[in-house]
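Enquirer: Start counting the sequence shown at 1; every next residue gets the next number (UniProt numbering).
Backbone N, C-alpha and C fix where the C-beta goes; we use that ideal spot for every residue, glycine too.
These numbers were taken from a predicted model, which means no experiment stands behind them.
Structure in structure tokens, see below.
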Amino acid sequence: MDRAVSVKDFEQLASENLHKHAYDYYRAGANAAISLNDNVEKFRNIPLKTRTFVDPKKFKGLETTIMGQKVSSPICIASTSFQKMTNEDGELAMARGAQAFNHTTFMLSSWSNVPLEDVAQQAPDCFKMFQIYLSKIPDVNKDLWIRVKNSGFTALGLTTDTQMLGKRENDLRNGFSLPEGLNMANYNKYNKTHGQNQDIKSSGKDSGLSEYVKNHKDQNIGWEIINEIKKISGLPVIAKGIMCKEDALTAIEYGADALFVSNHGARQLDTTPATIEVLGEVIEVLKEKGLDKKIEVYFDGGIRRGTDVFKALAIGAKAVFLGRPILWAMAAGGQKGVEKVLKIMNDELKETMIRTGCYCIEDISKNGVKLEEEKLVYDREEYAKKDFWNDRFKESKGFFDWYAKWDQIKPKFLELFPLETHRHSSFLMVGCGNSKLSEEMYKEGFQQVTNMDISDVVLQKMQEIYYPEKCPTFEQMIHLILLLIRVPMMHWLQSCFQSKMLYIVWTFSGNFKEFSQGDAESFKAIKAFKFNKHTENRVERQTTVLCYQVKRFIEAEQIKEESKDPRKKLLRLMMKAKAKKQQDDINKAFADQKIIDEAIAQKDIDQLNVQTANAEQQSQNDLESNKYQEIGDIPADQDESKVIEQDIQKDKENLEQTKNPNYNPKRQEFVMMYVIYK
Numbered sequence: 001m002d003r004a005v006s007v008k009d010f011e012q013l014a015s016e017n018l019h020k021h022a023y024d025y026y027r028a029g030a031n032a033a034i035s036l037n038d039n040v041e042k043f044r045n046i047p048l049k050t051r052t053f054v055d056p057k058k059f060k061g062l063e064t065t066i067m068g069q070k071v072s073s074p075i076c077i078a079s080t081s082f083q084k085m086t087n088e089d090g091e092l093a094m095a096r097g098a099q100a101f102n103h104t105t106f107m108l109s110s111w112s113n114v115p116l117e118d119v120a121q122q123a124p125d126c127f128k129m130f131q132i133y134l135s136k137i138p139d140v141n142k143d144l145w146i147r148v149k150n151s152g153f154t155a156l157g158l159t160t161d162t163q164m165l166g167k168r169e170n171d172l173r174n175g176f177s178l179p180e181g182l183n184m185a186n187y188n189k190y191n192k193t194h195g196q197n198q199d200i201k202s203s204g205k206d207s208g209l210s211e212y213v214k215n216h217k218d219q220n221i222g223w224e225i226i227n228e229i230k231k232i233s234g235l236p237v238i239a240k241g242i243m244c245k246e247d248a249l250t251a252i253e254y255g256a257d258a259l260f261v262s263n264h265g266a267r268q269l270d271t272t273p274a275t276i277e278v279l280g281e282v283i284e285v286l287k288e289k290g291l292d293k294k295i296e297v298y299f300d301g302g303i304r305r306g307t308d309v310f311k312a313l314a315i316g317a318k319a320v321f322l323g324r325p326i327l328w329a330m331a332a333g334g335q336k337g338v339e340k341v342l343k344i345m346n347d348e349l350k351e352t353m354i355r356t357g358c359y360c361i362e363d364i365s366k367n368g369v370k371l372e373e374e375k376l377v378y379d380r381e382e383y384a385k386k387d388f389w390n391d392r393f394k395e396s397k398g399f400f401d402w403y404a405k406w407d408q409i410k411p412k413f414l415e416l417f418p419l420e421t422h423r424h425s426s427f428l429m430v431g432c433g434n435s436k437l438s439e440e441m442y443k444e445g446f447q448q449v450t451n452m453d454i455s456d457v458v459l460q461k462m463q464e465i466y467y468p469e470k471c472p473t474f475e476q477m478i479h480l481i482l483l484l485i486r487v488p489m490m491h492w493l494q495s496c497f498q499s500k501m502l503y504i505v506w507t508f509s510g511n512f513k514e515f516s517q518g519d520a521e522s523f524k525a526i527k528a529f530k531f532n533k534h535t536e537n538r539v540e541r542q543t544t545v546l547c548y549q550v551k552r553f554i555e556a557e558q559i560k561e562e563s564k565d566p567r568k569k570l571l572r573l574m575m576k577a578k579a580k581k582q583q584d585d586i587n588k589a590f591a592d593q594k595i596i597d598e599a600i601a602q603k604d605i606d607q608l609n610v611q612t613a614n615a616e617q618q619s620q621n622d623l624e625s626n627k628y629q630e631i632g633d634i635p636a637d638q639d640e641s642k643v644i645e646q647d648i649q650k651d652k653e654n655l656e657q658t659k660n661p662n663y664n665p666k667r668q669e670f671v672m673m674y675v676i677y678k
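Written out as structure tokens, the structure reads:
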């Protein structure tokens with residue numbers, strides 16, 4: 001641990017120290033872990049704006065405030081469950097590390113292996129939050145909230161995204177259960193009074209934790225619980241798990257005192273946006289409503305460097321929480337590991353601030369990063385403006401440059417979707433959604449297009465389950481399309497739709513429908529479309545492909561461009577001629593091959609006829625001479641003439657077989673079991 005200099009180093013040490021089941025549990029994301037990777041990777045899309053001739057002596061420190069209380073740093077420790085799987089002290093080591101390193105703020109999980117009262121005693125000077133899950137038994141919830149208040153915690157984080165547990169494949173494979181002797185310590189006192197067993201054991205059908213959630217967690221609770229929690233506990237409530245601006249406003253409407261942008265470590269639903277992509281959306285809507293000064297926003301997900309902390313703060317987060325980095329540090333060195341990883345992260349944040357000209361937390365703003373807004377803030381009104389995207393396309397080599405590449409892309413794309421219909425269609429962009437999303441889009445009549453994606457998860461499932469032979473997955477192809485038609489692109493398409501420039505084409509499992517430009521009756525037909533009309537089972541629904549064609553708009557733009565520069569028209573015609581020649585060459589090759597195949601087939605038939613004629617002649621000669629018998633001696637009790645007659649009949653039957661047009665002498669050899677004798 002002494003040589004560890006980054007979170008990555010701590011994870012390597014943790015992987016060596018932890019039991020495989022524990023490491024898999026901490027590391028897991030939902031399903032294919034796409035969102036888990038995105039949480040980390042999306043920070044790379046945000047470059048920092050460095051400043052020159054900065055003065056390190058001017059640096060004032062990392063101090064800030066959380067809910068009005070001064071804290072030493074905006075870097076905090078997130079709530080994570082079952083920390084005793086990392087080391088024998090578990091949550092005690094975490095709290096001691098937080099207390100020792102500048103009284104770092106932390107949030108304790110309800111599902112801790114150490115009672116909350118014991119943890120609180122280890123960190124008397126820290127700003128302490130407590131994350132709550134809601135039990136099915138109201139009295140248990142109320143008693144727990146009061147215990148939290150009495151133990152010195154100053155805020156409650158209400159988890160809003162675990163009505164059901166996400167599919168974590170390694171936990172299912174491992175049949176995850178807590179090691180012997182570990183349980184949910186905060187609920188032990190309720191075992192006798194309320195009959196709640198806190199042991200996390202798998203029955204073999206599911207992970208132990210998933211079974212616990214189904215049996216004990218209240219899955220019917222809603223936003224209205226916020227005011228009840230505040231009334232009973234007397235503590236402010238943070239709505240944790242916010243992943244869109246709509247939920248942010250709803251949480252505030254129901255009384256939330258702060259928001260926590262989090263996708264639960266990407267452990268609940270895969271292919272959700274990275275949390276850093278959602279953060280900007282939440283901050284912007286608070287500014288629009290005049291709530292940005294009143295409601296603080298906290299953040300977690302993908303933080304691995306001090307630069308990541310800086311970027312989240314620059315976009316608008318008030319505090320940033322570390323989850324897995326703390327677990328890796330605990331597995332590597334317990335309390336000392338926690339202290340060291342906190343020091344590394346704070347030192348990196350300090351260096352980043354100085355190099356970007358920020359000498360205190362208040363100096364950090366969007367000026368410190370080079371944001372490409374369409375990647376971080378989904379401003380539907382702005383993105384719906386056609387001029388915005390026209391300019392955008394010019395900046396990125398031009399829209400028509402990409403369109404010109406479609407002929408190169410299309411063949412590989414068609415291999416991903418083997419439905420015969422596609423081989424006769426000409427579409428520009430495709431989105432493949434799951435059945436529920438597709439159904440919602442049909443019901444809306446495509447009037448509120450906010451999602452458009454080629455889900456590599458769906459493609460993977462198609463490959464693995466539905467069409468294992470026909471759906472090779474081209475990773476680079478998927479990433480290219482994902483890059484080109486993410487949500488911002490859809491806002492431009494929506495603008496085309498609203499201005500009646502969008503020509504919609506879609507296919508479902510062999511059925512092909514077209515709707516003309518701006519036809520109100522067509523839109524009504526889409527809106528009234530019954531989802532099961534052409535898709536009888538879930539497999540077909542899952543392979544549903546939505547195709548959007550903007551051909552007319554593109555052609556109009558081409559005419560404009562070509563009128564300004566005739567060379568472009570000449571180039572287009574040359575490309576078209578070249579493409580036609582390539583297609584003609586392919587057709588000719590197919591025709592030549594067909595001629596060759598027919599010639600080979602005719603030659604085989606001629607050879608077969610010759611062999612048949614020779615065999616018939618030989619058989620006739622044998623019949624005339626009557627000089628053969630079956631291998632072996634003819635039994636004394638059988639008439640020799642009858643045996644010979646039977647053999648002749650068998651011979652005729654075998655010869656008839658050679659006349660069958662499907663007979664191939666190269667594959668099927670026919671042997672007569674006779675000998676000639678004098």
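#1: Kindly list the residues whose CB is nearer than 6 Å to the CB of residue 475, restricted to its own chain and excluding five residues on each side of it in sequence; keep chain order.
#2: Going by DSSP, what residue range makes up the beta strand (DSSP E) through residue 159?
#3: Taking residue 23 as part of the alpha helix (DSSP H), name the residues at either end of that continuous run.
#4: Run through the DSSP bridge pairs and tell me what residue 618 is partnered with.
#5: Ignore the nearest five residues each way along the sequence and tell me which others in residue 115's own chain have a CB closer than 7 Å to its CB.
#6: Alpha carbon to alpha carbon, how far is residue 588 from residue 241? Give it in angstroms, no decimals.
#7: Using 8 Å for Cβ pairs, my map puts residue 270 next to residue 31. What's the rounded Cβ distance?
#8: On the DSSP bridge assignment, give the partners of residue 681 in chain order.
#9: Closest by CA to residue 8, which one among 82, 324 and 139?
#10: Can you give me the C-alpha to C-alpha distance between residue 81 and residue 266, rounded to a whole angstrom?
#11: Taking just the CA atoms, how far does residue 86 sit from residue 327?
#12: Tell me which same chain residues have a C-beta within less than 8 Å of the C-beta of residue 117, skipping the five on either side of it?
#13: Could you give the residue range of the alpha helix (DSSP H) that holds residue 270?
#14: Taking the beta carbon of residue 131 as the centre, do at least 16 other beta carbons fall within 10 Å, making it buried, or is it exposed?
#15: So, at 8 Å on beta carbons, what are the nonlocal neighbours of residue 292 in its own chain, with the 5 sequence-adjacent residues on each side left out?
#16: One question on the structure: do residue 100 and residue 348 come within less than 8 Å of each other, judged by their Cβ atoms?
#17: With DSSP as the reference, label residue 125 as helix, strand or coil.
#18: Would a C-beta distance cut-off of 8 Å place residue 28 and residue 173 closer than the cut-off?
#19: Given a cut-off of 8 Å on the beta-carbon distance, is the pair residue 77 and residue 346 in contact?
#20: Can you say whether residue 79 is buried or exposed, counting buried as having 16 or more other CB atoms within 10 angstroms of its CB?
#21: With a 10 Å radius around its C-beta and 16 neighbouring C-beta atoms as the bar for buried, classify residue 57 as buried or exposed.
#22: Is it buried or exposed, residue 337, if we count other Cβ atoms within 10 angstroms and call 16 or more buried?
#23: State the DSSP-derived secondary structure class of residue 163, mapped to helix, strand or coil.
#24: Tell me the rounded alpha-carbon separation between residue 59 and residue 260.
#25: Do residue 93 and residue 330 count as a contact pair if the criterion is CB distance below 8 Å?
#26: Mind checking residue 19: buried by the 16 CB within 10 Å criterion, or exposed?
#27: For residue 296, which residues does DSSP report across the bridge?
#28: Between residue 255 and residue 274, how many whole angstroms is the CB-CB distance? I'm expecting something under 8 Å.
#29: Using beta-carbon positions only, say whether residue 354 and residue 5 come within less than 8 Å of one another.
#30: For residue 610, which beta-bridge partners are listed by DSSP?
#31: Check the C-beta distance from residue 25 over to residue 125 and give it rounded, since I have them as a contact under 8 Å.
#32: Between the C-alpha atoms of residue 264 and residue 239, what's the straight-line distance to the nearest angstrom?
#33: Using beta carbons (cut-off 8 Å, strictly below), is residue 231 in contact with chain B?
#34: Given a cut-off of 8 Å on the beta-carbon distance, is the pair residue 123 and residue 155 in contact?
#35: For the alpha helix (DSSP H) that residue 312 lies in, which residues bound it at each end?
Expert: Here's the rundown:
#1: For residue 475, the pLDDT reaches just 35, beneath the cut-off of 50, and the residue's location in the model is therefore unreliable, although a value from the coordinates is still provided. Result list for residue 475: empty, nothing under 6 Å.
#2: 155-159
#3: Its alpha helix (DSSP H) spans residues 20-27.
#4: Paired residues: none, contrary to the question.
#5: Spatial neighbours of residue 115 in its own chain (CB-CB distance under 7 Å, excluding positions within 5 residues in sequence) are listed in chain order as 185 and 186.
#6: Answer to the nearest angstrom: the Cα atoms are 60 Å apart.
#7: That pair is a contact at about 4 Å.
#8: For the chain, the structure presents residues 1 to 678; residue 681 sits outside this window and is missing.
#9: 324
#10: 15 Å
#11: 7 Å
#12: 147 and 151
#13: That residue, residue 270, is in no alpha helix (DSSP H); it is neither H nor E in DSSP.
#14: buried
#15: 283, 286 and 316
#16: no
#17: coil
#18: no
#19: no
#20: buried
#21: Exposed, because fewer than 16 other Cβ atoms sit within 10 Å of the Cβ of residue 57.
#22: buried
#23: coil
#24: 29 Å
#25: yes
#26: exposed
#27: 258
#28: Contact doesn't hold; Cβ gap of about 28 Å is too wide.
#29: Between residue 354 and residue 5, the C-beta gap is not smaller than 8 Å, which leaves the two residues out of contact.
#30: DSSP, once it has assigned bridges, lists no residue as partnering residue 610.
#31: In fact, because the Cβ distance is near 31 Å, the residues do not count as touching under 8 Å.
#32: 12 Å
#33: Among the chains in the structure shown there is no chain B, since it carries only a single protein chain.
#34: Between residue 123 and residue 155, the CB-CB gap reaches or exceeds 8 Å.
#35: 306-315
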